[in-house]
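Visitor: Here numbering that gives the first Met the number 0 is used: position 448 in the sequence shown is 447, and no number is missing along the way.
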Amino acid sequence: MKRTLPVQKNEYIDVIFEDLTHDGAGVAKVEGYPIFVPNGLPGEKAQIKVIKANKGYGFGRLIELYEKSPYRVEIPREELHKYGGCQLEHISYEGQLKYKENQVRQVLTRIGKLEDVVVHPILGMDNPWHYRNKAQVPVGDKDGKLIAGFFKPRTHEIVNTDESLIQIPEINEAVQVVKEICTRFHIPAYNEETHKGVLRHIMARFGQQTGELMVVLVTRSLEIPNREQLVEEIVARLPQVKSIIHNVNSKRTNVILGDKTKVLWGSEVIYDYIGDVRFAISALSFYQVNPVQTKVLYDKALEYASLSGSESVIDAYCGIGTISLFLAQKARKVFGVEIVPEAIEDARKNAALNGIENAEFEAGEAEVVIPKWYEEGNKADVLVVDPPRKGCDEALLHTIIDMKPKKVVYVSCNPATLARDLRILEDGGYKTVEVQPVDMFPHTTHVECVALIELK
Ligand code: SAH
Numbered sequence: 000m001k002r003t004l005p006v007q008k009n010e011y012i013d014v015i016f017e018d019l020t021h022d023g024a025g026v027a028k029v030e031g032y033p034i035f036v037p038n039g040l041p042g043e044k045a046q047i048k049v050i051k052a053n054k055g056y057g058f059g060r061l062i063e064l065y066e067k068s069p070y071r072v073e074i075p076r077e078e079l080h081k082y083g084g085c086q087l088e089h090i091s092y093e094g095q096l097k098y099k100e101n102q103v104r105q106v107l108t109r110i111g112k113l114e115d116v117v118v119h120p121i122l123g124m125d126n127p128w129h130y131r132n133k134a135q136v137p138v139g140d141k142d143g144k145l146i147a148g149f150f151k152p153r154t155h156e157i158v159n160t161d162e163s164l165i166q167i168p169e170i171n172e173a174v175q176v177v178k179e180i181c182t183r184f185h186i187p188a189y190n191e192e193t194h195k196g197v198l199r200h201i202m203a204r205f206g207q208q209t210g211e212l213m214v215v216l217v218t219r220s221l222e223i224p225n226r227e228q229l230v231e232e233i234v235a236r237l238p239q240v241k242s243i244i245h246n247v248n249s250k251r252t253n254v255i256l257g258d259k260t261k262v263l264w265g266s267e268v269i270y271d272y273i274g275d276v277r278f279a280i281s282a283l284s285f286y287q288v289n290p291v292q293t294k295v296l297y298d299k300a301l302e303y304a305s306l307s308g309s310e311s312v313i314d315a316y317c318g319i320g321t322i323s324l325f326l327a328q329k330a331r332k333v334f335g336v337e338i339v340p341e342a343i344e345d346a347r348k349n350a351a352l353n354g355i356e357n358a359e360f361e362a363g364e365a366e367v368v369i370p371k372w373y374e375e376g377n378k379a380d381v382l383v384v385d386p387p388r389k390g391c392d393e394a395l396l397h398t399i400i401d402m403k404p405k406k407v408v409y410v411s412c413n414p415a416t417l418a419r420d421l422r423i424l425e426d427g428g429y430k431t432v433e434v435q436p437v438d439m440f441p442h443t444t445h446v447e448c449v450a451l452i453e454l455k
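1) Does the Cβ-Cβ distance between Glu43 and Lys67 come in under 8 Å?
2) Given 7 Å as the limit, tell me if Tyr272 has its C-beta closer than that to any heavy atom belonging to the ligand SAH.
3) Answer with buried or exposed for Ile121, where buried requires no fewer than 16 other C-beta atoms within 10 angstroms of its C-beta.
4) Going by Cα to Cα distance, which pick from Asn357, Cys412 and Val295 is closest to Ser309?
5) If you compare alpha carbons, which of Asn289, Asn246 and Gln435 is closest to Met202?
6) Taking the alpha-carbon of Glu156 as reference, which of Asp140, Ile165 and Asp258 has the nearest alpha-carbon?
7) Determine which residues share a DSSP beta bridge with Met202 and list them.
8) Based on the DSSP secondary-structure assignment, which residues constitute the bridge partners of Leu324?
9) Would you call Ala365 buried or exposed, if buried means 16 or more other Cβ atoms sit within 10 Å of its Cβ?
10) Pro65 to Asn53, Cα distance in whole Å?
11) What distance in whole Å lies between the Cβ atoms of Val6 and Ile34, which are believed to be in contact at a cut-off of 8 Å?
12) What are the start and end residues of the alpha helix (DSSP H) that includes Ile369?
13) Since Ala418 contacts Gly206 with CB under 8 Å, what's their CB separation in whole angstroms?
14) Judging by CA-CA distance, which residue of Ile62, Glu361 and Asn225 is the nearest neighbour of Asp314?
15) Note down the Cα distance separating Tyr272 from Ala450, rounded to an integer number of angstroms.
16) Taking buried to mean at least 16 other C-beta atoms within 10 Å of its own C-beta, is Val254 buried or exposed?
17) Count the other CB atoms within 10 Å of the CB of Leu19; is the residue buried (16 or more) or exposed (fewer)?
18) Who are the near neighbours of Asp438 in its chain, counting only those whose CB is closer than 8 Å to its CB and skipping five residues on each side?
19) Look at the alpha carbon of Arg277 and the alpha carbon of Thr160, and state the distance between them as a whole number of angstroms.
20) Any heavy atom of the ligand SAH closer than 7 Å to the Cβ of Asp438?
21) Tell me the start and end of each unbroken alpha helix (DSSP H) in the stretch 261–328 that is at least 4 residues and wholly inside, in chain order.
22) So which of Arg71, Ala188, Gly265 and Leu382 has the shortest CA-CA distance to His442?
23) Any contact between the stretch 404–413 and the stretch 366–380? By contact I mean 3 or more CB pairs, one from each, below 8 Å.
24) Whose C-beta lies closer than 6 Å to the C-beta of Leu107 among residues of the same chain, with five residues either side of it excluded?
25) Classify Ala351: buried if its beta carbon has 16 or more other beta carbons within 10 angstroms, exposed otherwise.
26) Quick one: Cα of Phe149 to Cα of Val158, how far?
27) Under the criterion of a Cβ to heavy atom distance below 7 Å, does Ala304 qualify as lining the ligand SAH?
28) Tell me the rounded alpha-carbon separation between Trp372 and Ala394.
29) Could you tell me whether the Cβ atoms of Leu212 and Ile269 are closer together than 8 Å?
30) Specify the secondary structure class of Gly143 as computed by DSSP and reduced to three states.
31) Please indicate yes or no: does the CB of Ile280 lie closer than 7 Å to some heavy atom of the ligand SAH?
32) DSSP on Ala24, reduced to helix/strand/coil?
33) Thinking Thr431 and Glu425 are a contact (beta carbons under 8 Å), I'd like their distance in whole angstroms, please.
34) I'd like the list of long-range same chain contacts for Ser242, defined as Cβ closer than 6 Å, with 5 residues on each side in sequence excluded.
35) Could you check the C-alpha separation between Lys133 and Glu222 for me, to the nearest Å?
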């Protein structure tokens with residue numbers, strides 16, 4: 000039997016938005032049938048046009064707003080909208096925080112079936128603009144002129160911009176200055192279609208605590224024309240620059256960086272601090288992009304671990320050892336595990352840089368290495384996990400349940416997989432004590448959480 004849908008394609012209808020999807024579109028319901036409409040906000044009355052009507056859900060376009068949400072704001076600079084994936088720029092910061100906090104609560108109840116879990120008010124930024132310490136800007140050519148900015152959503156067309164509202168001013172300045180200098184010295188832009196030209200991306204990284212700047216020129220070619228004058232000019236114009244790197248990426252690929260890097264001027268790394276821990280950052284290394292909120296997040300993780308100095312701690316998915324080194328200052332011993340071998344190299348270097356001797360690192364999959372450690376008799380009092388979006392591997396969760404650390408601190412960048420994993424731990428004898436959402440990426444839909452889980 001073919002059921003007819005409550006709406007038809009191309010139909011114009013009036014709706015009230017009830018919710019937002021995880022990527023920031025408004026959700027309206029017609030007889031229970033959900034329609035996703037970009038730019039619609041909860042509580043708003045609008046006319047929409049149905050663009051697509053699938054079996055279980057449809058898509059629409061906003062035609063006219065009859066009643067606006069009190070959280071709707073003018074997009075600060077229309078042409079910058081969606082730059083760096085700022086899907087929530089049409090919502091006031093207060094509204095964004097409310098939305099993210101609600102999302103965490105809803106998902107924990109719906110997916111995790113955690114009815115009475117304590118979710119604290121989200122920790123947002125005092126100033127939610129100009130927070131990113133890194134930019135990777137694609138370079139192109141328009142009518143013979145070098146342009147750099149961002150890809151228009153869902154296209155390969157580059158939009159030229161002179162700033163981003165979410166990047167640290169020093170980063171914006173660095174990109175602008177390098178763009179100007181490269182134009183002046185006639186550095187040809189890379190062309191994706193013909194796979195010809197030179198400059199693919201301008202990248203900049205900034206250590207906010209140290210004021211050290213790194214500039215990376217990513218090119219297709221092995222050589223950069225006028226290289227010496229170029230470098231001289233960059234050094235003269237950007238007094239904070241400590242490192243100028245040449246990265247060669249000669250492949251036809253969307254991946255930004257190639258494997259080959261060469262120092263053109265200055266040092267190979269810049270430094271930054273999170274709290275008292277010093278980190279060396281190279282062109283290729285992973286480093287958190289919002290240092291202010293990273294500190295907030297790690298302080299919370301440390302508070303939840305409540306270390307007295309006698310504990311053995313495992314930090315799973317440790318990256319370059321950021322959380323491990325934070326914990327090592329308060330624990331007897333920390334063991335970090337991470338799948339990317341280069342990140343583990345960085346973690347060891349960072350431990351040495353800080354004179355931290357009670358942290359050990361191993362490269363491998365957390366779900367393989369931790370069961371191995373457990374078999375060898377290495378049990379943790381506290382276990383910290385900070386997995387990628389897909390959450391923890393189930394095998395790891397079962398090892399935790401067998402190992403029975405007193406506390407698990409779960410740092411998560413995806414509430415849905417956090418909720419799923421908390422349910423598994425709850426069924427295995429753990430209790431979720433509290434969850435603290437932290438806004439690491441204002442104006443985007445991302446939300447980070449730290450959860451404290453204790454053995455029942
Ligand atoms: N804790 C770090 C990084 C967290 S990001 C920090 O705060 O900076 C998640 C990390 O998990 C990435 O570095 C990724 O390389 C790593 N990873 C992904 N799958 C993994 C697995 N199966 N085992 C171990 N590490 C993994």
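Idealized CB from N, CA, C, for every residue including glycine.
Guide: Checking against the coordinates, here is how it stands:
1) On the sequence shown, residue 43 is found 44 positions in, with the first residue counted as 1. On the sequence shown, residue 67 is found 68 positions in, with the first residue counted as 1. Result yes, Cβ atoms of Glu43 and Lys67 sit closer than 8 Å.
2) By 1-based counting over the sequence shown, the position of residue 272 is 273. Tyr272 Cβ: outside cutoff for every heavy atom of the ligand SAH.
3) Counting from one through the sequence shown, the residue named residue 121 turns up at place 122. Per the 10 Å Cβ criterion, buried.
4) As a first step, residue 309 must be located in the sequence shown, where it is residue number 310. Comparing Cα-Cα distances from Ser309 to each of Asn357, Cys412 and Val295, the minimum goes to Asn357.
5) Here residue 202 refers to the residue found at position 203 of the sequence shown. If we check each option's Cα against that of Met202, Asn246 comes out closest.
6) Indexing the sequence shown from 1 puts residue 156 at position 157. It is Asp140 whose Cα lies nearest to the Cα of Glu156.
7) Along the sequence shown, read from residue 1 onward, the residue named residue 202 stands at position 203. DSSP lists Gln135 and Val215 as partners of Met202.
8) Residue mapping note: residue 324 aligns to position 325 of the sequence shown, counting from 1. For Leu324, which the question treats as bridged, DSSP gives no partner whatsoever.
9) Numbered from its first residue, the sequence shown carries residue 365 at position 366. Classification of Ala365: buried, given that the 10 Å Cβ count is 16 or more.
10) The residue given as residue 65 occupies position 66 in the sequence shown. The residue given as residue 53 occupies position 54 in the sequence shown. According to the sequence provided, residue 65 is Tyr. The question's Pro does not apply to it. Roughly 26 Å between the two C-alpha positions.
11) In the sequence shown, the residue the question calls residue 34 occupies position 35. In the sequence shown, the residue the question calls residue 6 occupies position 7. Right, the Cβ-Cβ distance comes to about 7 Å (below 8 Å), so this counts as a contact.
12) Mapped onto the sequence shown, residue 369 falls at position 370. First-last of the alpha helix (DSSP H) with Ile369: Ala365 to Glu374.
13) Working through the sequence shown from its first residue, we reach residue 418 at position 419. Working through the sequence shown from its first residue, we reach residue 206 at position 207. That pair is no contact at about 35 Å.
14) Your numbering for residue 314 matches position 315 in the sequence shown. Cα-wise, what sits closest to Asp314 is Glu361.
15) Stepping through the sequence shown from its first residue, residue 272 is reached at position 273. Stepping through the sequence shown from its first residue, residue 450 is reached at position 451. Going by the C-alpha atoms only, they are around 24 Å apart.
16) Here residue 254 is taken as the residue at index 255 of the sequence shown, counted from 1. Burial call: exposed.
17) To locate residue 19, count along the sequence shown from 1; it is residue 20. So Leu19 counts as buried.
18) Residue 438 sits at position 439 when you count from the first residue of the sequence shown. Correct list, in chain order: Gln95, Leu96, Lys99, Ile121, Leu122, Gly123, Met124, Pro127, Gln292, Val446 and Glu447.
19) The sequence position of residue 277 within the sequence shown is 278, counting from 1. The sequence position of residue 160 within the sequence shown is 161, counting from 1. Straight-line Cα distance between these residues: approximately 33 Å.
20) Taking the sequence shown and counting its residues from 1, one reaches residue 438 at position 439. No.
21) 290–304 and 321–327
22) In the sequence shown, the residue the question calls residue 442 occupies position 443. It is Arg71 whose Cα lies nearest to the Cα of His442.
23) yes
24) Working through the sequence shown from its first residue, we reach residue 107 at position 108. Here the set comprises Leu113, Val116 and Ala418.
25) The sequence position of residue 351 within the sequence shown is 352, counting from 1. Exposed, because fewer than 16 other Cβ atoms sit within 10 Å of the Cβ of Ala351.
26) Within the sequence shown, the letter at position 150 stands for residue 149. Within the sequence shown, the letter at position 159 stands for residue 158. About 5 Å.
27) In the sequence shown, the residue the question calls residue 304 occupies position 305. For the ligand SAH, not one heavy atom lies less than 7 Å from the Cβ of Ala304.
28) Against the sequence shown, residue 372 aligns to sequence position 373. Against the sequence shown, residue 394 aligns to sequence position 395. Each residue's Cα considered, the two are about 14 Å apart.
29) Within the sequence shown, the letter at position 213 stands for residue 212. Within the sequence shown, the letter at position 270 stands for residue 269. Yes, Cβ-Cβ distance for Leu212 and Ile269 is below 8 Å.
30) Residue 143 sits at position 144 when you count from the first residue of the sequence shown. Of the three classes helix, strand and coil, the one that applies to Gly143 here is coil, per DSSP.
31) Residue mapping note: residue 280 aligns to position 281 of the sequence shown, counting from 1. No, the ligand SAH has no heavy atom inside 7 Å of this Cβ.
32) In the sequence shown, residue 24 corresponds to position 25, counting from 1. Residue state, collapsed to three classes: coil.
33) In the sequence shown, residue 431 corresponds to position 432, counting from 1. In the sequence shown, residue 425 corresponds to position 426, counting from 1. Yes, they are in contact, since the Cβ atoms of Thr431 and Glu425 sit about 7 Å apart, within 8 Å.
34) Here the question's residue 242 lines up with position 243 in the sequence shown. Contacts found: Met213, Gly265, Ser266 and Ile269.
35) Translated into positions along the sequence shown, residue 133 becomes position 134. Translated into positions along the sequence shown, residue 222 becomes position 223. Straight-line Cα distance between these residues: approximately 24 Å.
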